[in-house]
Each structure stands twice: as structure tokens, then as C-alpha cells.
Amino acid sequence: MVKSIAGPDGIFVYDDAVAPLFVDHFKSFLGLQDPLVVPDMPNHLFQNTLSLADSLEKIRSISDKEIKDALFQIGNDKAPESDGFSSKFFKAAWPIVGKDVQIAVHNFFYSGRLTKEINHTLLCFIPKIPNATRVSDFRPISCCTVLYKIISKIICDRIKPYLGGIVSPTQSAFIPGRRISDNILMAHELVAGYQKDTGKLRCAFKIDLRKAYDTVDWRFLLWMMKGFGFHPVLCRWIDEMLSTSSFSIALNGETEGFFKGARGLRQGDPISPYLFTLVMEGFSMLLGLCIQEATNFQYHQGCEDMQITHLCFADDLFVFTGANLESVEVLKKALDMFRTRSGLEPNLSKSEVFFCNVSLNDRQVILNSLPLVAGLFPIRYLGVPLSSSCLRVGDFQPLVTRARDRIHNWKSKFLSFAGRKQLIVSVLQSMQLYWMMVYVLPSAVVHELEGLFRDFLWAQGDSSRGKCKVAWEVVCKPVLCGGLGFKRLSAWNRTLLTKHIWDLLSKRRTLWVDWIWRYRMQAGRGDQVNAWEDSWVGCRPLSSMISFRRFARAGFNTNSQARDVVLTLNGIWPQEWLASNPEAFSNQIPLLDDNRDDVITWRGVNYFSVKQAWRDLDGFHQLAQWTKYVWFKHHVPKHGFCLWTACHKRLPTQDRLSAWKENPPDYLCPLCNECPDSHNHLFFVCPYSHDVWRRVKNEVDLWGFPDAWNDILENLEDNRGPKTLMQKLALSASIYFIWRERNRRFFRDLKQPSVGTFKMICGSIIESMALRRIATRS
Numbered sequence: 002m003v004k005s006i007a008g009p010d011g012i013f014v015y016d017d018a019v020a021p022l023f024v025d026h027f028k029s030f031l032g033l034q035d036p037l038v039v040p041d042m043p044n045h046l047f048q049n050t051l052s053l054a055d056s057l058e059k060i061r062s063i064s065d066k067e068i069k070d071a072l073f074q075i076g077n078d079k080a081p082e083s084d085g086f087s088s089k090f091f092k093a094a095w096p097i098v099g100k101d102v103q104i105a106v107h108n109f110f111y112s113g114r115l116t117k118e119i120n121h122t123l124l125c126f127i128p129k130i131p132n133a134t135r136v137s138d139f140r141p142i143s144c145c146t147v148l149y150k151i152i153s154k155i156i157c158d159r160i161k162p163y164l165g166g167i168v169s170p171t172q173s174a175f176i177p178g179r180r181i182s183d184n185i186l187m188a189h190e191l192v193a194g195y196q197k198d199t200g201k202l203r204c205a206f207k208i209d210l211r212k213a214y215d216t217v218d219w220r221f222l223l224w225m226m227k228g229f230g231f232h233p234v235l236c237r238w239i240d241e242m243l244s245t246s247s248f249s250i251a252l253n254g255e256t257e258g259f260f261k262g263a264r265g266l267r268q269g270d271p272i273s274p275y276l277f278t279l280v281m282e283g284f285s286m287l288l289g290l291c292i293q294e295a296t297n298f299q300y301h302q303g304c305e306d307m308q309i310t311h312l313c314f315a316d317d318l319f320v321f322t323g324a325n326l327e328s329v330e331v332l333k334k335a336l337d338m339f340r341t342r343s344g345l346e347p348n349l350s351k352s353e354v355f356f357c358n359v360s361l362n363d364r365q366v367i368l369n370s371l372p373l374v375a376g377l378f379p380i381r382y383l384g385v386p387l388s389s390s391c392l393r394v395g396d397f398q399p400l401v402t403r404a405r406d407r408i409h410n411w412k413s414k415f416l417s418f419a420g421r422k423q424l425i426v427s428v429l430q431s432m433q434l435y436w437m438m439v440y441v442l443p444s445a446v447v448h449e450l451e452g453l454f455r456d457f458l459w460a461q462g463d464s465s466r467g468k469c470k471v472a473w474e475v476v477c478k479p480v481l482c483g484g485l486g487f488k489r490l491s492a493w494n495r496t497l498l499t500k501h502i503w504d505l506l507s508k509r510r511t512l513w514v515d516w517i518w519r520y521r522m523q524a525g526r527g528d529q530v531n532a533w534e535d536s537w538v539g540c541r542p543l544s545s546m547i548s549f550r551r552f553a554r555a556g557f558n559t560n561s562q563a564r565d566v567v568l569t570l571n572g573i574w575p576q577e578w579l580a581s582n583p584e585a586f587s588n589q590i591p592l593l594d595d596n597r598d599d600v601i602t603w604r605g606v607n608y609f610s611v612k613q614a615w616r617d618l619d620g621f622h623q624l625a626q627w628t629k630y631v632w633f634k635h636h637v638p639k640h641g642f643c644l645w646t647a648c649h650k651r652l653p654t655q656d657r658l659s660a661w662k663e664n665p666p667d668y669l670c671p672l673c674n675e676c677p678d679s680h681n682h683l684f685f686v687c688p689y690s691h692d693v694w695r696r697v698k699n700e701v702d703l704w705g706f707p708d709a710w711n712d713i714l715e716n717l718e719d720n721r722g723p724k725t726l727m728q729k730l731a732l733s734a735s736i737y738f739i740w741r742e743r744n745r746r747f748f749r750d751l752k753q754p755s756v757g758t759f760k761m762i763c764g765s766i767i768e769s770m771a772l773r774r775i776a777t778r779s
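Residue numbers (my numbering): 2 to 779.
What follows is the structure in C-alpha cells.
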């Protein structure tokens, strides 16, 4: 609830006066067109344009299947439209409303007219900072109607496959085949050595665009689309979608205000990111134009001898120039031209400039010409630290802090082991994924993160010793091998980074790969395979098959190429090689094909699989057959976790607790008071548990299944466990409820007869079977 907000004059308003302030604020730029903007781009700047065939392809007839597919691609949890109907409603009621939806969508594409009701948007707000006090501290999210999203998604799916051919490689946002990590890696290459006082004089400008999405001029966007060769019909569709937009705000559960849109793109509209990419390409073109008009300049995107280049990811703009006034004036002119044409202008108070080996006098001249704040590395770039030198352990602390804060928020909630397991897999380990795609995490950070995960799993975040029931090495095994499927962060980190090695070897078309190949590797034709170190003989390198002494005696060295070996040996392996390792040289010498270039393969295929790489780097784990009776489909998570722990014999039974103490107390089984409990006693030799288990076996037809835990484990490992879903549920529920009854008696002195525990097991089975039938019907 937003009960008060500060106005432009800093005076707070309250209650009913809050909503009008939000309406006026967003109407001031979304609802007003900038009269000073004059969209104009010289035609000769559009070097990459769509072919006529591609242009016509985008306006082909819309099929009913295309409409349905677009709807079902919208997430069920997306915000509903103003009438309260979400995409989930339309999916569930598709047999009833589907035809009407298809007619409405077809009507737009055939007539080119969009009703104002369909294109009305609710603005919802997310605080940018804690304790937001001003309207500008809130980020607007546009909640478009479902019908509008279907239309937008259809056009979006038709546009995005072609963007890679017309958008420069300096942009990596929202282009199929490009990744955010491309820009991060390239930025690290370009800022390397900025901390030194020697070398080439350079400047880097990190430019923040003021309200980038909200102030884009529609006329400039349409001009860009026409220049790139988009069909006039498609441009009219986009124009109609933009010009008929209107807005209300959703605040404190109420809808307030109304105003028509006049500029800007909506965050929440499926097509907005791709349209904004075309807008930012306009800056790239204008920068190139300014450089061409200046003297003594070369424009090489990402090259070492460049004088001006740039990287762009959505509205995040990084420009690299020479450290002289002429370079800065070129950048300044490009920004001014971009502002007068697109309506986007830099927010100088949030923009920074970084200097490399620049004197104080030259720094001041540059700062006076383009008034920015002088920044220092490391900085945050695209969500990760960017530094001119090697990152330190302290630079990774935000990653640890985020994980610790998230765990702290969960500590106050009652979570079962199964719940904590799921949160680690789906949330905590995913939080590290983005960083691990770019950096090698220091071992100290890895150990600290895994320590947080371990403490959260076993002790709800408490770091007390002795509470871990199963070793972390076992926990991190695959589920089918007896673990919980957690990933060891160090191995997972190496797996993700291996993809960059594959990109280099396969020469994926990105700015960073081109940079590395041009300045750090020598390209060749047909002789790029190193005979000694590369895997080319039966997917193995010669270095793993023979000693280097034998390799050298045949007349080769570490620089010899595979082509040299093949031509010299003339198809016959040397006898000395065969005698030393006949099995390795059982394959024939590969034949050369001068008409085909050398290619890099990953396990015999010409594409890289992170999943396969993880399997290779994670190592071999022996399968555990009993896991199929623990993590079966429709299992109850908390029952499965208890059974998994019991299968490892790691439940804290009295026999295990006694082994940890020098003078163990005289424990007795809380269920029968006859002897200390153990896994074998509790499941199901104890008279209490034996009676429960006998009733359960009779109920689910498990007669003949053993009663002793060691025998049960042997049956599970030999694939002689329960066959039906009901029997599997019965086994896990019996373990869980007997263990729970044992703990209730031991810690809380609460008791119930064996019949009561049996009824709870049966109730759990009935409930699980009912949920399974519901899930099957849906």
C-alpha cells in the first residue's frame, strides 16, 4: 500500500492525493509527444536491410494455429487484464472462447484497426529501492490485455528471427543466438589495463539513458523499421498498436485515471524489447555517421586499433573512445543527434567516464566537454562486477550476501527437509548461475556458498556442528545415483565456462570471439589440428597414446599438424607406435579431405551440450536402483526425503547417537521400551511398527515383502520393490509416519496407538491418489 508520496516540490501528499500524483507524473512523458524531435535517418546508413521475400514473409496470412500457439506461450502467472481474466482463463476455456479470440485477432490483421478497449493498459508499480518515497522511485510495468498480447506475440515471433541479420554485433540483447555474456566478456577485454598509467590513452563512457523505454519517439521507430525494409503493412500494424494505446494506473487495489499514449514502449509488451533494439541500432548508425564525418578516424567494432566503438544491451550503453577531445566531440555529436531524432537523452548525473593513462589536464577538458562523473573500477555492469584487473574475493561477496539474506527470510518459516531441498535446487543454486556463466568463482566463495546450502538443508540455516545427516558429496550425486541432485558449484562453474571455450573453437559469430581469434590465435585452412595435443585419432590426442620421445623419433614436434603426420606416414602407423600401444592404434589413420575445412566436434557432434559437458565433468556415479522407489512420479516430497535418508541409514536413531558419545545414556525405543532403536528395529521389527506395517501390507497387497530393513533395502536394490503407485506410497508413508511417531514420543511425550498411525498412513495414501487423479485429468 502506498499511503504517502513526495511530490516534485518534495512535499508529501497522503491518501486520496497519492493516485493523482502518479497519474500526472506518467502522463507528463507517456502522454505527451516531444515537439523538438525530428526523426530523420539518411538512407545510406541502412547497410543491412531485409530482402523483399523476407519482408513479405512477415505479413503472410495469420493461421488459427498461430493464434492458439501465441496464447499458450503466455505464462499462466502473467498479470490479468483490467476485467480480471488472465491467460490461464482463456487456455482453460479455449473450447468455448477460442473461436471468438481467433475472430478478434484475425479482425486486427485484416482491417489494421485495433479497438481502444483491447489496447488499454494498466500501469502497476515495483519499487526500485527500499522505502521508496517518490514516484520516480517506482518502475512501471504495463499489464496489457490478453488479446493484445496475442497480437503482439504473433508479430514478435515473426520479427525476431531476422534481427540478427540487420542489427550490428555490438548489440546482444534479445537477438536469437546472442547472449548477455557476450557483452560482459567483450567489456572485460576492452577495459583490461585501465588501472595502469602506461599504454594507449583510452576513455570508457558508461551512459545511462533517461527513462529509455518511456520516452522513445514512435516516429523514429517507424522510420527505422522502414529503413530496414520492413513491409509497409507491418509498419502500419505497429503504428496502430502504438497510437491506440491508453493508460490507467493500478494503485492500492484500485484503478485510477485515464490518458492516451503519445510515445514510449511498454515494459510488459512482448514486442517492446525487439522494437527497442531497432531504436538502439539507430545510435550505432549515428555514431558511425559522426565518425565518418570526422577526420583521422577509423570505426572498427571491437578491434584493438579502434578509436571509437560501443557495446549495447537493451538501454545499457558502453562507449569506448580515444582519450582526446576530438573523440569526445564525436561521441557528443552522436548523442545529440540521437536525442533530437529518437527522444532519448543521456542522464548525465548517472553516467560515468573512466580514464586510462590520461593526464589530469586532459581529464578535465573531457569532463568539461561532456559533463559526466569520473568513475572507478570495479563497477556493476549487466548485474555482475566489471573490473580492469582480476576480481578479488571481496568482489563476489554480493553473491554470498544475496544467498544469506534469502536464507534469513526463510528461517522464520516452518519448512520440511523436502521444502528446503526444493528451495536449494530451484532458488539458491540458480542465483549463482548467471555469475558462473562468466567468472571462475574463487574456491573460498564456493566453500562459503555450499556451507550456506548445507546448513540450510540440515539445520534451517543454523551453522551448529553435527547436524548433517548425509555427507555433502553424497547429497550432490545425481538422484538416480542416491543423491539429491545438487550440483557441486566448482564443477558446474567449469561446465558453464566450457561453453565459452567451445564458442572460441567453433568460431561462433560474436564480437568477443572475433576479437579473440583476431588478436590471440592464428587461423589456418585445413591444418588447424595440432597432431600432439588435439583429439583427432579416435577422439584422442596422440599425447595420451605414445610418449613424446617416440613421437619425436618419427620426425615430429609439438608444433606438427595432423596434416603433416598423415602425409608423412602415408597411411601406415609406425611399428614402434603399434608395439607400444596396439589397442590405441587399432584405428586407421584419418583421411584428408582438401575440399572440407577442419571442424571442431563435441563427442562426435558439431554442437555443444552443457548437459553432456556436466555429465563428463561431474564424473561417474554408480546408479542406485532403490531411488526409483523414493522419487517416483506423484511421490510425497517430505515422505520421499525421509525414505531417502533412511535408505542411507542416516536417520538419527539411538544406536547412531550412542556411538557419538563416550558415556551414552541408556536409550530405549520410544515405541516399545524394549531396546535401543535402530533402522532395522524401527522398520519393522519393533512390535509397534511391525503391527503398523502388517496392517499396511494387508491393505495394499504387499504380502511377501520383508519386514527387516536390511532385507527391504536388498529388495529395492535388486529391483524387487513395490510395483504399483499405491504400494510405493505405502512404503514411504509408513517410514515417515513411524519415524514421526517415534519423535513425538521421544521429544514431546505424545502417544497414539498403532491403529492411529495406520489410519494416518491410509489417509495419506488416499489423498495422494486423489491428487494424482486430479493432475491426470488436468
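Each residue gets a CB set at the ideal place from its N, CA and C atoms; glycine is no exception.
Rounded separation between Asp10 and Asp138 - CA only: 15 Å
- request: Confirm, please, whether the CB-CB distance from Val354 to Gly384 is below 8 Å.
  value: no
Nearest-angstrom beta carbon gap, Cys673 and Pro688 [assumed within contact, 8 Å]: 5 Å
- prompt: First and last residue of the beta strand (DSSP E) that includes Gly258?
  reply: 255-261
- request: Could you check what DSSP says for Met761 in three-state terms: helix, strand or coil?
  value: helix
- request: Count the other C-beta atoms from every protein chain shown that fall within 10 angstroms of the C-beta of Val441, then say buried if there are 16 or more, exposed otherwise.
  value: exposed
- request: Assuming Ala335 contacts Cys291 (C-beta within less than 8 Å), just tell me the rounded distance between them.
  value: 4 Å
- prompt: What's the gap between the Cα of Gln461 and the Cα of Leu751?
  reply: 24 Å
task: Output the distance between the C-alpha atoms of Gly76 and Lys150, rounded to the nearest integer angstrom.
output: 11 Å
- prompt: In three-state terms, what does DSSP make of Asp317?
  reply: strand
message: Among Tyr163, Asn325, Pro128, whose alpha-carbon lies nearest the alpha-carbon of Phe362?
response: Reading off the sequence, residue 362 comes out as Asn, not Phe. Checking every option, the nearest Cα to that of Asn362 belongs to Asn325.
field: Terminal residues of the alpha helix (DSSP H) in which Ser444 lies
entry: 444-460
- request: Select from Pro347, Leu730, Cys157 the residue whose C-alpha is nearest the C-alpha of Gly641.
  value: Leu730
field: Those residues which DSSP pairs with His311 across a bridge
entry: Val320
- prompt: Which two residues bound the contiguous beta strand (DSSP E) that contains Ile367?
  reply: From DSSP, Ile367 is part of no beta strand (DSSP E) but of the alpha helix (DSSP H) over 361-370.
message: Please state whether the Cβ-Cβ distance between Cys482 and Ala625 is less than 8 Å.
response: yes
- prompt: Residues in its own chain within less than 7 Å of Pro372 by CB, not counting five upstream and five downstream?
  reply: Leu349
query: What's the C-alpha gap between Gly486 and Glu474?
result: 11 Å
- request: If I'm right that Ile181 touches Ser173 with Cβ under 8 Å, what's the distance once you round it to whole angstroms?
  value: 6 Å
field: Ser659 in three-state terms, based on DSSP
entry: helix
field: Contact between the stretch 232-246 and the stretch 42-62 (3+ Cβ pairs under 8 Å)
entry: yes
query: Are Val701 and Phe759 close, meaning C-beta to C-beta below 8 Å?
result: no
task: Please work out which residues of its chain come closer than 6 Å, Cβ to Cβ, to Asp678, disregarding the five sequence neighbours upstream and downstream, and give them in chain order.
output: Thr654, Gln655, Cys670
- prompt: Going straight from the alpha carbon of Ser581 to that of Pro575, what length do you get?
  reply: 10 Å
task: Could you tell me the distance, in whole angstroms, from the CA atom of Leu31 to the CA atom of Thr216?
output: 7 Å
query: Run through DSSP, which three-state label would Asp396 get?
result: helix
task: Report yes if the C-beta distance between Cys157 and Thr122 is below 8 Å; otherwise report no.
output: no
- request: Assign His649 to one of three DSSP states: helix, strand, or coil.
  value: coil
- prompt: Can the beta-carbon of His26 be found less than 8 Å from the beta-carbon of Thr171?
  reply: no
- request: For the beta strand (DSSP E) containing Val14, list its first residue and its last residue.
  value: 13-15
field: CB of Thr1 within 8 Å of CB of Asn120, strictly
entry: Residue 1 falls outside the range modelled here, since the chain spans only 2 to 779, and no answer is possible.
- request: Please check the pair Asn681 and Asn711, which I expect to be a contact at CB under 8 Å, by giving their CB distance rounded to whole angstroms.
  value: 6 Å
Beta bridge counterpart(s) of Thr134 as assigned by DSSP: DSSP, once it has assigned bridges, lists no residue as partnering Thr134.
query: With distances taken from CA atoms, which of Arg407, Met437, Gly283, Ser427 is nearest Leu1?
result: The requested residue 1 is not part of the displayed model; the chain covers only 2 to 779.
task: Quick one: give me the first and last residue of the beta strand (DSSP E) that His121 is part of.
output: 121-128
query: Quick one: what does DSSP say Cys482 is sitting in, helix, strand or coil?
result: helix
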